[in-house]
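Below you'll find the structure, written out as structure tokens, and then a few comments.
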Amino acid sequence: MEDCKEELDSTTEPSTGFGQFLLEVASLLTFVTVEKLATTFNYSPKDIEDYGNNKSPGYIFVCSLKEKGIINPSDITLLIDALKAIDLYGVAEDASRLFERLCGELKPNMEISSNTEAQSSFIKQLKDTYHELCNRVQPIPFIRDRLLCVNNVFVDSGIEYFHRVGAKEIWQPLDSYHEIFTDARISSTRFILFGEPGYGKSILALQFAYDWYKSCLRSPLKNVEILIFLKLRQLFRVKSIFTAVRQFLLPHESKLSEGDIIEILYSSKSVVIVLDGFDEYAHKTGKGDDDVTKIIKGRMFQKFVVILTTRPSYKPEDMAARTIQLRLTGFDSVSQNKYIEKALIGNDIKEIEKIKKCIEQNPILRDLCEVPLFFAMFSHMTHEKQIPVTFDSVTGFFRYMMGCFHEHMKNKLQDTELKMYIKLEKDHHKLDKVSFEALSGEKQEIVWMKGKLRKSIGKDLYDQYLQVGILIEEEIVIVNNTPGSPTSALIERKTQTTFYHKLFCEWFAAHYLSEYATKSFTLNFSKTVGKLDPFDLQYVFRFACGINPDASSKIIKHLQKLEGGDKFAVLCILERTGEIGEIKDTIRQICSEGMIISGYDSLLLQRSSMHLLEIASRNNFSIEYLQLSNCLQSVDLSTEAIRTSSGLALTSRIRVKKLTVNLSNRDMTEDEAIDILQFASMCPSLRELWYKECVPPRSFKEGPTLSTLRSRNVEVFWQWSKDTLWYILSLQSGRWQNGKNGPEPTSEEFERALSKRTEWRKRWTEEIYRTDIRNARETLRRRAEEDKVIPDKNKRVITMMTS
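Counting along the sequence shown from 1, when you hit position 476 you're at 875 in the working numbering, and nothing is skipped either side.
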């Protein structure tokens, strides 16, 4: 007890009734009791371990309860309830008597007289915070005098959910983000929302907060009692969700404690938690003792609806069962029109046509403006003034955009300030190095303590880029978990710095990469650049090749050594020149060897493959074969296109000689098989169509499709399993034959093919879900290289080309 009194002096006056209560109730709490109570109040395992190492665990624990607001001089009901919940009724009764003797009658906090009143106060404070957040959106960083409301820039655009119908696995579009909460097909309490860089994850997350605090009539969120919106990058060393809510969402002077927040949330009828930016979360690769990880795994807030946003390459591990996967697909033409009308000029048709004309006349812009962030910046800059240039690369567009940022600031400066500004605009090598190091490795932590970054890059450069809007500052809370620290020092507010968007970090990192590539030896370069994942940080590599053409050859060679890197390398070469003259041989070589687009491939890799096919077709390069392996989503005959699982379209204009559709992950429907056959009849260059690891119809109706295929001498094959006989479709009768003039497959053979479907799906499931996705892709592609042979029609045997 004497030890406790010594510690008490630094926090609570022992002469007070409540101070004496803390001392005496602490003596009732053994470490075993503290461990159970700490678990009840969602303390981390590290905190519990620290209590066990302390000579007075009971006292340190009750002081922590006081600091968190769970107990106070007028209310200890949460502690009493927790003691009863772990069946320590005797201790609960003793604690109640101690409190009444030393502090007076046990009653609720007089400042928050009831839970209903506390909840009302909590909701009002949340709505005030969201009002501030939602009305501070900057479509362009440097235009700070025109902050917009999120509802004025948000467009309800492409969103899909991962859907299973029997064995069929597809991405199914939603008509609106409202359907996340209303569509019975995706009814769940856990959602993970994927989006590539700039696809609008954070804007959508903020729109959720807007819908709730404004009680929008059309939004299902108007019926939700409480919505919690947190930016995960701000939770630096903050592992308690209740601490985060108290520190980031409530005003400093709020009388609500963490204990109040706990009680309010758990007593509410409906709660939605929106956690934005898991890819920027400090604890995403931690031990899992933080509340966010517990929530993701379903060990906490099981009855609350939770929406987590992240990049596709940062999918959290061990997600809760029945987690629904959603993804943003970017802006189509309709979404672009909506954005211009909503955020810029209303329904001024001429102005809309002006902006859209700039896009349609430039193929690079068409691709770029599918990314909402790029489209928003481009449309706002075009609206400010007519853009006098065309862009032949992503680098060219981003360079122009950065120039606009600096030009806007220079117009505001005096002549005496301009010289220094121009120097720092060009000399940013320190920021380049810091950005590259931040993106290297697994964690990719692109937030810094203000003082540390300012010291690293220099005060003048820091202040200038902060003024431009490329860097932004945010307040964070740091929790001091050092054993023995006084409770008054548990929480400290500091300022951290990050980029307006991660793409800006990639831009500066690309400058470092391009410079390093020209100076380093090949071995050193490969070791250093190997720390960057090109399939996650595509723009670092594309920007680097566009910034410094002399460095591109070394970067290209590095990429071509990677699995799937040859196709990505072509995009990087295009950044260098905007033309295909110097890469014709590379494209011809890739096309002559054939190409596989797989369901294992990332969106970037599929997009790169499609882009390469388009370039080859426009330049009349013949593509020997193309295999669509477990990536078929649908066939759209109205647009003469096959749509892949990533949403990309393969059109009939592709100059491919042999097309193979492999579908081992699900059943192929009869309509799909017929549509594929009809699509083949629309491809003027096609000579062979293969169905593999699937079961097409036993026959096709005679008609225009078979007649067209017959007139073009297109042969159609089916091989239902590796190392088995193949069958050819008679274009006269529409029935399969064992060889050109052989008999039809028997009923037994069809039954064997049907029975194989279970084996195919099992193998797909094992490769996808039981192994690392990248290892699975490399394993299967290596297997493909080993197995790949050209069909020998005389022997009627073919080895399946898997991906």
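Backbone N, C-alpha and C define an ideal beta-carbon position, used for all residues, glycine too.
Subject >> Residue of Ile1127, Leu1012, His957 minimising C-alpha distance to Gln1026 >> reply: Locating residue 1026 in the sequence shown gives position 627, counting from the first residue. Among Ile1127, Leu1012, His957, the Cα nearest to that of Gln1026 belongs to Leu1012.
Original post:
Are the segment 569 to 577 and the segment 551 to 561 in contact at 8 Å, needing three or more beta carbon pairs?
Top reply: yes
**OP:** Please name the residue in Arg617, Thr1104, Ser1098, Gly1102 whose C-alpha comes closest to that of Thr1145.
**Re:** Here residue 1145 refers to the residue found at position 746 of the sequence shown. For Thr1145, the nearest C-alpha among the options comes from Ser1098.
Subject >> With 16 other Cβ atoms within 10 Å as the buried cut-off, status of Thr794 >> reply: Counting from one through the sequence shown, the residue named residue 794 turns up at place 395. The residue is buried, with at least 16 neighbouring Cβ atoms inside 10 Å.
Original post:
Under a three-way DSSP split, which group does Gln1026 fall into?
Top reply: On the sequence shown, position 627 is the one that residue 1026 refers to. In this structure, Gln1026 counts as strand in the three-state DSSP scheme.
**OP:** Could you say which of Thr722, Asp965, Phe607, Gly998 lies nearest to Asn367 if we only look at CA atoms?
**Re:** The chain is shown only over 400 to 1202; residue 367 falls outside these bounds and no answer can be derived.
**OP:** Quickly, what does DSSP pair Ser481 with across the bridge? List them, please.
**Re:** For the purposes of this step, residue 481 is taken as residue 82 along the sequence shown, with counting starting at 1. In the sequence as presented, Ser is not what sits at residue 481; that position holds Ala. None, per the DSSP bridge assignment.
Original post:
DSSP on Phe703, reduced to helix/strand/coil?
Top reply: Residue numbering aside, residue 703 sits at position 304 when the sequence shown is read from its first letter. In this structure, Phe703 counts as coil in the three-state DSSP scheme.
Original post:
Gly416: which of Thr439, Arg500, Leu620, Val461 sits nearest, CA to CA?
Top reply: For the purposes of this step, residue 416 is identified with residue 17 of the sequence shown, where counting begins at 1. Closest option to Gly416, Cα to Cα, is Arg500.
Original post:
By Cβ distance, which residues of its chain are closer than 6 Å to Tyr861, with the 5 residues on each side in sequence left out?
Top reply: Position 462 of the sequence shown holds residue 861. Taken in chain order, the residues that qualify are Arg853.
Original post:
Just the Cα atoms here: how many angstroms apart are Pro650 and Glu1039?
Top reply: Residue numbering aside, residue 650 sits at position 251 when the sequence shown is read from its first letter. Residue numbering aside, residue 1039 sits at position 640 when the sequence shown is read from its first letter. Taking the straight line from one Cα to the other gives about 57 Å.
Subject >> Neighbour-count burial assignment, Asp1259, 16 or more Cβ in a 10 Å radius >> reply: In this structure the chain extends from 400 to 1202, so residue 1259 is not present and cannot be described.
Original post:
Is the beta carbon of Lys1056 sitting closer than 8 Å to the one on Leu1076?
Top reply: For the purposes of this step, residue 1056 is taken as the residue at position 657 of the sequence shown. For the purposes of this step, residue 1076 is taken as the residue at position 677 of the sequence shown. The answer is no: Cβ separation not under 8 Å.
**OP:** Compute the distance between the beta-carbons of Leu1101 and Ser1063, then report whether it is under 8 Å.
**Re:** Taking the first residue of the sequence shown as position 1, residue 1101 is located at position 702. Taking the first residue of the sequence shown as position 1, residue 1063 is located at position 664. Residue identity differs from the one stated: residue 1101 is Glu in this sequence, not Leu. Cβ atoms of Glu1101 and Ser1063: not closer than 8 Å.
Subject >> Nearest-angstrom beta carbon gap, Phe796 and Val790 [assumed within contact, 8 Å] >> reply: One-based indexing of the sequence shown puts residue 790 at position 391. One-based indexing of the sequence shown puts residue 796 at position 397. A small fix is needed here, since residue 790 is Phe in this sequence, not Val. The pair is a contact, with the Cβ atoms about 4 Å apart (cut-off 8 Å).
Original post:
Taking all protein chains shown into account, do 16 or more other C-beta atoms lie within 10 angstroms of the C-beta of Pro538, making it buried, or fewer, making it exposed?
Top reply: Here residue 538 refers to the residue found at position 139 of the sequence shown. Result: buried.
Original post:
Whose C-beta lies closer than 6 Å to the C-beta of Arg710 among residues of the same chain, with five residues either side of it excluded?
Top reply: Taking the first residue of the sequence shown as position 1, residue 710 is located at position 311. If we look at Arg710 and ignore the five residues flanking it on each side, its Cβ neighbours are Asp678.
**OP:** Give the secondary structure of Phe730 by DSSP, where H, G and I count as helix, E and B as strand, and everything else as coil.
**Re:** The residue labelled residue 730 in the question sits at position 331 within the sequence shown. In this structure, Phe730 counts as coil in the three-state DSSP scheme.
Subject >> Straight-line gap, Val637 to Ala643 (C-alpha atoms, nearest Å) >> reply: Looking up residue 637 in the sequence shown gives position 238. Looking up residue 643 in the sequence shown gives position 244. Cα to Cα, the separation comes out at about 7 Å.
Original post:
DSSP puts Thr1059 in a beta bridge; with which residues?
Top reply: The residue given as residue 1059 occupies position 660 in the sequence shown. Note: Thr1059 sits in a beta bridge opposite Gln1026, Trp1089.
**OP:** Mind listing, in chain order, the continuous alpha helix (DSSP H) runs of no fewer than 4 residues lying wholly within the segment 592 to 655?
**Re:** Complete alpha helix (DSSP H) runs here, min 4: 600 to 613, 640 to 643.
Subject >> DSSP three-state assignment for Trp906, whether helix, strand or coil >> reply: The count along the sequence shown starts at 1 and reaches residue 906 at position 507. Residue state, collapsed to three classes: helix.
Original post:
Can you name the start and end residues of the alpha helix (DSSP H) that Thr438 belongs to?
Top reply: For the purposes of this step, residue 438 is identified with residue 39 of the sequence shown, where counting begins at 1. That run of the alpha helix (DSSP H) goes 430 to 439.
Subject >> Residue nearest to Gly1133 in terms of C-alpha spacing, selected from Phe898, Cys944, Pro1095 >> reply: The sequence position of residue 1133 within the sequence shown is 734, counting from 1. Residue Pro1095 is the option with its Cα nearest to Gly1133.
Subject >> Which of helix, strand or coil DSSP assigns to Asn452 >> reply: Numbered from 1 along the sequence shown, position 53 holds the residue referred to as residue 452. Helix.
Subject >> Cβ-Cβ separation, Gly457 to Ala425 (assumed contact under 8 Å), whole Å >> reply: Start at 1 with the first residue of the sequence shown, and residue 425 comes out as number 26. Start at 1 with the first residue of the sequence shown, and residue 457 comes out as number 58. Sure, about 4 Å apart at Cβ, within 8 Å.
Original post:
Can you tell me whether DSSP reads Thr515 as helix, strand or coil?
Top reply: In the sequence shown, counting from the first residue as 1, residue 515 sits at position 116. In this structure, Thr515 counts as helix in the three-state DSSP scheme.
**OP:** Just the C-alpha distance for Asn1019 and Cys971, rounded to the nearest angstrom, thanks.
**Re:** Residue 1019 sits at position 620 when you count from the first residue of the sequence shown. Residue 971 sits at position 572 when you count from the first residue of the sequence shown. The straight-line gap from Cα to Cα measures roughly 22 Å.
**OP:** Report the residue from Gly729, Cys502, Leu865, Ala916 whose alpha carbon sits nearest the alpha carbon of Gln895.
**Re:** Residue 895 sits at position 496 when you count from the first residue of the sequence shown. The shortest C-alpha separation from Gln895 is found at Leu865.
Original post:
At what residues does the beta strand (DSSP E) containing Asp1035 begin and finish?
Top reply: Locating residue 1035 in the sequence shown gives position 636, counting from the first residue. That run of the beta strand (DSSP E) goes 1031 to 1035.
**OP:** Compute the distance between the beta-carbons of Lys966 and Ile989, then report whether it is under 8 Å.
**Re:** Position 567 of the sequence shown, counted from the first residue, corresponds to residue 966. Position 590 of the sequence shown, counted from the first residue, corresponds to residue 989. In contact: Lys966 and Ile989 (Cβ atoms closer than 8 Å).
Original post:
Using 8 Å as the Cβ pair cut-off and three pairs as the minimum, do the segment 768 to 782 and the segment 579 to 597 touch?
Top reply: Look at the beta carbons and you see the segment 768 to 782 touching the segment 579 to 597: at least three pairs across the two are nearer than 8 Å.
Original post:
Once you ignore the five residues that flank Thr917 on each side, which residues in its own chain have a CB closer than 6 Å to its CB?
Top reply: Start at 1 with the first residue of the sequence shown, and residue 917 comes out as number 518. Contacts found: Asp949, Ala950.
Subject >> Boundaries of the alpha helix (DSSP H) in which Val939 is found, first to last residue >> reply: Translated into positions along the sequence shown, residue 939 becomes position 540. First-last of the alpha helix (DSSP H) with Val939: 937 to 946.
Original post:
Excluding five sequence neighbours on each side, which residues of the same chain lie with their C-beta closer than 7 Å to the C-beta of Phe430?
Top reply: For the purposes of this step, residue 430 is taken as the residue at position 31 of the sequence shown. If we look at Phe430 and ignore the five residues flanking it on each side, its Cβ neighbours are Tyr450, Gly451, Pro456.
Original post:
Looking only at its own chain, which residues have a Cβ that is under 7 Å from the Cβ of Lys526, when we skip the five neighbours before and after it?
Top reply: The residue you call residue 526 lines up with position 127 of the sequence shown. Within the same chain, Lys526 has close Cβ partners Tyr612.
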